[in-house]
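S.K.:
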Amino acid sequence: MTEEKESLNFIEQLIADDLAAGFSPEKLRFRFPPEPNGYLHIGHAASICLNFGLGEMHNAPVNLRFDDTNPSKEEQEYVDAIKRDIQWLGFQWATECYSSDYFQQLYDWAVQLIKEGKAYVDQQSAEAMAEQKGTPTTPGVAGPFRDRSVEENLDLFERMKAGEFEQGSYVLRAKIDMASSNMLMRDPILYRIVRKAHHRTGTEWCIYPMYDWAHGESDYVEQISHSLCTLEFKMHRELYDWFLDQIYDPTKLRPKQREFARRNLSYTVMSKRKLLELVQTKTVTGWDDPRMPTISGLRRRGYTPESIRKFSDVSGISKRDSVTDVSLLEFCIREDLNKTATRVMGVLDPVKLVITNYPAGKTEILSAENNPENPNSGTHDLPFSGELYIEREDFKEEAGSKFFRLTLGNEVRLKSAYIIKGESVVKDAAGNITEIHCTADLDSRSGSGTEASTRKVKGTLHWVSIQHAIKAEVREYDRLFLDEAPDSHEDRNFMEFVNPDSLKVIKEAYLEPFLKDANLDDKFQFQRLGYFTLDKESSSESLVFNKTVGLRDSWAKQAPVAAAPPNQPVKQQNNAGGQAQGQRSAINEIQKISKKYTNLSGDKLAAARADIAKLAEEVSYEELAPLFNTAAKKVGTRIGAMITLGVLLAHGQERNAEIDAFIEAGLSDGNEELVAEAKKI
RNA sequence: UGGUCUAUGGUGUAACUGGCAACACGUCUGAUUUUGGUUCAGAAGAGUCCAGGUUCGAGCCCUGGUAGACCAACCA
Numbered sequence: 001m002t003e004e005k006e007s008l009n010f011i012e013q014l015i016a017d018d019l020a021a022g023f024s025p026e027k028l029r030f031r032f033p034p035e036p037n038g039y040l041h042i043g044h045a046a047s048i049c050l051n052f053g054l055g056e057m058h059n060a061p062v063n064l065r066f067d068d069t070n071p072s073k074e075e076q077e078y079v080d081a082i083k084r085d086i087q088w089l090g091f092q093w094a095t096e097c098y099s100s101d102y103f104q105q106l107y108d109w110a111v112q113l114i115k116e117g118k119a120y121v122d123q124q125s126a127e128a129m130a131e132q133k134g135t136p137t138t139p140g141v142a143g144p145f146r147d148r149s150v151e152e153n154l155d156l157f158e159r160m161k162a163g164e165f166e167q168g169s170y171v172l173r174a175k176i177d178m179a180s181s182n183m184l185m186r187d188p189i190l191y192r193i194v195r196k197a198h199h200r201t202g203t204e205w206c207i208y209p210m211y212d213w214a215h216g217e218s219d220y221v222e223q224i225s226h227s228l229c230t231l232e233f234k235m236h237r238e239l240y241d242w243f244l245d246q247i248y249d250p251t252k253l254r255p256k257q258r259e260f261a262r263r264n265l266s267y268t269v270m271s272k273r274k275l276l277e278l279v280q281t282k283t284v285t286g287w288d289d290p291r292m293p294t295i296s297g298l299r300r301r302g303y304t305p306e307s308i309r310k311f312s313d314v315s316g317i318s319k320r321d322s323v324t325d326v327s328l329l330e331f332c333i334r335e336d337l338n339k340t341a342t343r344v345m346g347v348l349d350p351v352k353l354v355i356t357n358y359p360a361g362k363t364e365i366l367s368a369e370n371n372p373e374n375p376n377s378g379t380h381d382l383p384f385s386g387e388l389y390i391e392r393e394d395f396k397e398e399a400g401s402k403f404f405r406l407t408l409g410n411e412v413r414l415k416s417a418y419i420i421k422g423e424s425v426v427k428d429a430a431g432n433i434t435e436i437h438c439t440a441d442l443d444s445r446s447g448s449g450t451e452a453s454t455r456k457v458k459g460t461l462h463w464v465s466i467q468h469a470i471k472a473e474v475r476e477y478d479r480l481f482l483d484e485a486p487d488s489h490e491d492r493n494f495m496e497f498v499n500p501d502s503l504k505v506i507k508e509a510y511l512e513p514f515l516k517d518a519n520l521d522d523k524f525q526f527q528r529l530g531y532f533t534l535d536k537e538s539s540s541e542s543l544v545f546n547k548t549v550g551l552r553d554s555w556a557k558q559a560p561v562a563a564a565p566p567n568q569p570v571k572q573q574n575n576a577g578g579q580a581q582g583q584r585s586a587i588n589e590i591q592k593i594s595k596k597y598t599n600l601s602g603d604k605l606a607a608a609r610a611d612i613a614k615l616a617e618e619v620s621y622e623e624l625a626p627l628f629n630t631a632a633k634k635v636g637t638r639i640g641a642m643i644t645l646g647v648l649l650a651h652g653q654e655r656n657a658e659i660d661a662f663i664e665a666g667l668s669d670g671n672e673e674l675v676a677e678a679k680k681i
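Residue numbers (full-length UniProt numbering): 1 to 681.
Encoded structure:
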């Protein structure tokens, strides 16, 4: 077999290049560095899988380092949750580290910087310092304390550490370059005073290092070879390197920072701040609410570690901002659960079904397959009787030929049981169906081996026996937000897009008795409905199931009227008419539409032409003229230019040699559309 | 008005030194099916942001644009 070449992502490629250039493989070392100020989410999973995946790939250690340099936001609860989530995902870190372990070393290095005249104590207000910092387009200026003597700086810094000053009164700054084009290099702060107990060091320290000062140096202490972070830290790399330069010992390994794009998921938000807001406003019940994109939320919802790792794997790593559609995540969990979940039956919206020719009071125990995907999974007992519940949605008195379910006069199979035929209905005064009466083909029992048992009928329904069914609460979840990218709107707060119907609780669902003994981590497929798992609030007296995800449903797509979910999210219109992208110039929009012009026909062609003509109103001759030179093979663009030209001429644009030449060329072109447009002029 | 980065089907990623634009999801057919699930077979969908240039040949190299993201917390 030829070896399948797995393409490497750009980080893996970078490491391969380093190795090829002579970097010793045993020096490879990675780290995952969360701040313990919130729960891990699916975006962190990408980083976890990247770092630990690299570790597995190269047999290199991966540290878990808590970036705990800001006691005002961090808590032990989060440390514990983070550890639990990483382990649950199936990864094991080499060493559990804390930035706070390095506070003394960081302090000593800071003193060294002061002695070398590379750091100074500043006592201005934050506003004053911001003022001096300038803006991205204007350079900053030096503050009044920038040239304090080394002795004075040393004294002040020591007193900061000793707790002589109030929070916010003094900071230690690096002396770099107030005119740098990189704002971060304009004398960044190294230390500030925070009067709050730290979850590990208590009140031992009252000065705390800033991220930039702590992070690279911590990587250096741990001898991390490749320090991977998200794109927003790109600008910090220059500072990261500058700090390393100050303390670097050439006999040691020098860490490298590289950046990759954050992973966004559609219909949710992914920043700890926003997730925290959802928790604090009680929009959700907690960090592990099954609607949350947190690892703990997904776990409670029924996602498996395998599915999340698969998702990270299949999503890939790159450097461009993107929003991955949830359908990919859903694919990953369905793929996993299809192979492993035990098949059972449960009725969420029951209607009573009576089998009139089944002996009254009779009960039999049938056998149900645990998982058709796995022949070794065995069977379980399934009680049957003459009075059942079926899904209300599975019956219609009369329906078209595309409806495969129960109707009056039609046959369907009850899964793992008999073939039945609808005979009549009983209704209440309001006309609602209260009972469906039918007859069974008593020879057709599944697995009985009779000829009738293998008869083919069009539909199969799930059901439960009323006298044997157990009751349970079932929670169904819809997406938390109605907008694809709720936090991408400059003028609107993401909370405005919260889906008011994201949770649907069914207080009394009827399940087959087999489910009575379900355990917390068991995964089930309620046949024809979806995948379900026990919620942590469940008890043996009152069972609670969470719906993880529905089955793919091609019927719901065909019959949107009958089966549409309550919240059909409206996908944003893809700037069809060029209106959505207000920023894009008309001529650019015309080019975009024109490009595909030759692929269109009929109505679409006419619509495209109309769009171009409309946009052309806003185009000047100066903008259009360059397009006359468009390569001959790019017919679409030439047609678009021709249409635009027609509009311009109609508005009084005078003809000239350039225009005549373009029309001339158009008339003699091989493309009929182009010729037609040229003729119109 | 600055700096840095990014741009490939609807979505997410590939394409090694310039050589037939590939994979997965999604969508649509058809077959199989005691789950309208699964599985299997197939289809549609890209002129690689735009315009030039170099080259026998450009998604990739060069020039000039455009759009988006990030950067002025005593957050990370």
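For every residue, glycine included, the Cβ atom is placed at its ideal position computed from N, Cα and C. A quick note: this is a predicted structure, and the numbers were derived from the prediction, not measured.
Is it the case that the Cβ atoms of residue 392 and residue 351 are separated by a distance below 8 Å?
M.R.: In contact: residue 392 and residue 351 (Cβ atoms closer than 8 Å).
S.K.: Across which residues does DSSP place residue 257 in a beta bridge pair?
M.R.: DSSP lists 227 as partners of residue 257.
S.K.: Which residues in the same chain as residue 129 place their Cβ atom closer than 7 Å to its Cβ, once the five residues preceding and following it in sequence are excluded?
M.R.: Closer than 7 Å at Cβ, skipping near neighbours: 122, 143.
S.K.: Tell me the start and end of each unbroken beta strand (DSSP E) in the segment 28-70 that is at least 3 residues and wholly inside, in chain order.
M.R.: Qualifying beta strand (DSSP E) stretches, in chain order: 30-32, 62-66.
S.K.: For residue 520, count neighbouring C-beta atoms within 10 Å of its own C-beta (all shown protein chains included) and say buried if the count is 16 or more, exposed if not.
M.R.: Exposed is the call here.
S.K.: So for residue 350, helix, strand or coil by DSSP?
M.R.: Here residue 350 sits in strand by DSSP.
S.K.: Indicate the three-state DSSP secondary structure (helix, strand or coil) for residue 577 in the structure shown.
M.R.: Confidence in residue 577 is poor, its pLDDT being 28 and thus under 50, which makes the residue's placement unreliable; the coordinate value appears in the next sentence. Residue 577 falls in the coil class under three-state DSSP.
S.K.: Please state whether DSSP places residue 531 in a helix, a strand or coil.
M.R.: Of the three classes helix, strand and coil, the one that applies to residue 531 here is strand, per DSSP.
S.K.: Check residue 157 in the structure and name its three-state DSSP category.
M.R.: Correct three-state label for residue 157: helix.
S.K.: Taking the alpha carbon of residue 499 as the point to measure from, which residue in 101, 268, 56 has its own alpha carbon closest?
M.R.: For residue 499, the nearest C-alpha among the options comes from 268.
S.K.: Taking only three categories from DSSP, how would you classify residue 461?
M.R.: DSSP places residue 461 in strand when its eight states are reduced to three.
S.K.: On the DSSP letters alone, give me the boundaries of the alpha helix (DSSP H) that residue 243 sits inside.
M.R.: Element bounds for residue 243: 236-247.
S.K.: Mind pulling the alpha helix (DSSP H) runs of 4 or more residues that sit fully within the segment 58-128?
M.R.: Segments of the alpha helix (DSSP H) lying fully in the segment 58-128: 76-89, 103-115.
S.K.: For residue 321, count neighbouring C-beta atoms within 10 Å of its own C-beta (all shown protein chains included) and say buried if the count is 16 or more, exposed if not.
M.R.: Residue 321 is exposed by the Cβ-count criterion.
S.K.: In chain order, which beta strand (DSSP E) runs of at least 3 residues are fully inside the segment 399-456?
M.R.: Listed in chain order, the complete beta strand (DSSP E) runs (minimum 3 residues) inside the segment 399-456 are 411-414, 419-427, 433-441.
S.K.: Is residue 199 closer than 8 Å to residue 68 when the C-beta atoms are compared?
M.R.: Yes.
S.K.: Sort 284, 262, 468 by Cα distance to residue 503 and report the nearest one.
M.R.: Taking only the C-alpha atoms, the option nearest residue 503 is 284.
S.K.: Nearest-angstrom Cα distance between residue 281 and residue 365?
M.R.: So the two alpha carbons sit approximately 50 Å from each other.
S.K.: Taking 8 Å as the cut-off, does the segment 397-410 touch the segment 324-335 (at least 3 CB pairs, one atom from each stretch)?
M.R.: Result no; under three Cβ-Cβ pairs closer than 8 Å.
S.K.: Need the endpoints of the beta strand (DSSP E) that residue 383 sits in, please.
M.R.: Note, residue 383: beta strand (DSSP E), 379-385.
S.K.: Which same chain residues end up closer than 6 Å to residue 424 when comparing Cβ atoms and leaving out the 5 residues on each side of it in sequence?
M.R.: The residues are 437.
S.K.: Given a threshold of 16 other Cβ atoms within 10 Å of its Cβ, counted over all protein chains shown, does residue 434 qualify as buried or as exposed?
M.R.: Result: exposed.
S.K.: Could you pull the start and end residues of the beta strand (DSSP E) that residue 508 belongs to?
M.R.: Segment 503-511, the beta strand (DSSP E) holding residue 508.
S.K.: Tell me the DSSP secondary structure of residue 525 in three-state form.
M.R.: Three-state DSSP puts residue 525 in a strand.
S.K.: Determine the extent of the beta strand (DSSP E) in which residue 207 is found, giving its start and end residues.
M.R.: From DSSP, the beta strand (DSSP E) with residue 207 extends over 207-209.
S.K.: Is it buried or exposed for residue 62, if we count other Cβ within 10 angstroms and need 16 for buried?
M.R.: Buried.
S.K.: Count the other CB atoms within 10 Å of the CB of residue 583; is the residue buried (16 or more) or exposed (fewer)?
M.R.: The pLDDT assigned to residue 583 is 33, lower than 50, so where the model puts this residue is not dependable, and the model offers no usable value.
S.K.: Return the first residue and the last residue of the alpha helix (DSSP H) that residue 360 is part of.
M.R.: Per DSSP, residue 360 belongs to no alpha helix (DSSP H) and is neither H nor E.
S.K.: Measure the C-alpha to C-alpha separation of residue 316 and residue 420 and round it to an integer number of angstroms.
M.R.: Rounded to whole angstroms, residue 316 to residue 420 spans 50 Å at the Cα level.
S.K.: Measuring straight from C-alpha to C-alpha, what distance separates residue 457 and residue 394?
M.R.: C-alpha separation (whole angstroms): 15 Å.
S.K.: Could you work out which residue in 230, 193, 244, 522 is closest to residue 218 when comparing CA atoms only?
M.R.: It is 244 whose Cα lies nearest to the Cα of residue 218.
S.K.: Once you ignore the five residues that flank residue 148 on each side, which residues in its own chain have a CB closer than 6 Å to its CB?
M.R.: Cβ within range, chain order: 120.
S.K.: When you compare only the Cα positions, how much space is there between residue 36 and residue 65?
M.R.: Each residue's Cα considered, the two are about 10 Å apart.
S.K.: Which two residues bound the contiguous beta strand (DSSP E) that contains residue 174?
M.R.: Here the beta strand (DSSP E) through residue 174 covers 171-174.
S.K.: DSSP three-state label for residue 215, please.
M.R.: Helix.
S.K.: When the distance is taken between beta carbons, is residue 347 closer than 8 Å to residue 386?
M.R.: Going by C-beta atoms, residue 386 is not nearer than 8 Å to residue 347.
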